[in-house]
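J.: Following this message is one structure expressed as structure tokens.
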Amino acid sequence: MHFIEMTGKTLYDLVEDDESIGLTAEQLAQVGVAEQSIVRINPQGDIELRRRGGWDVIGGLLGEFEERVQHATGLDWA
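Sequential numbering of the sequence shown, starting at 7, is according to the working numbering.
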């Protein structure tokens with residue numbers, strides 16, 4: 007499976023920039039995403055949060071998020 011990893015801050019910035027991706031900053035905070043959190047997104051839009059014991063799926067992105075994620079992180083799917 008391929009992912010792009012980023013900090014919670016970068017994910018918050020993505021959410022603020024484009025409301026059409028399906029999540030709000032409030033929803034991210036409710037599931038435990040902090041600015042220093044490590045999150046990853048797969049090409050299908052699933053968002054996973056790194057927790058102490060592993061990765062938890064916490065939601066998903068909608069729409070054409072792929073290019074925005076790549077642009078925001080400077081990374082490609084790996």
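Ideal Cβ positions, reconstructed from N, Cα and C, are used throughout, including at glycine.
Computed from a predicted model, the values in this text were never measured in an experiment.
1. In this structure, does DSSP put ASP19 in helix, strand or coil?
2. Is it right to say MET12 is buried, meaning 16 or more other beta carbons lie within 10 angstroms of its own, or is it exposed?
3. Could you give the residue range of the alpha helix (DSSP H) that holds ARG74?
4. Under a three-way DSSP split, which group does GLU32 fall into?
5. Rounded to a whole number of angstroms, what is the C-alpha to C-alpha distance between ARG57 and GLY65?
T.: Judging by the given coordinates:
1. helix
2. By the 10 Å Cβ count, MET12 comes out buried.
3. 72–79
4. helix
5. 15 Å
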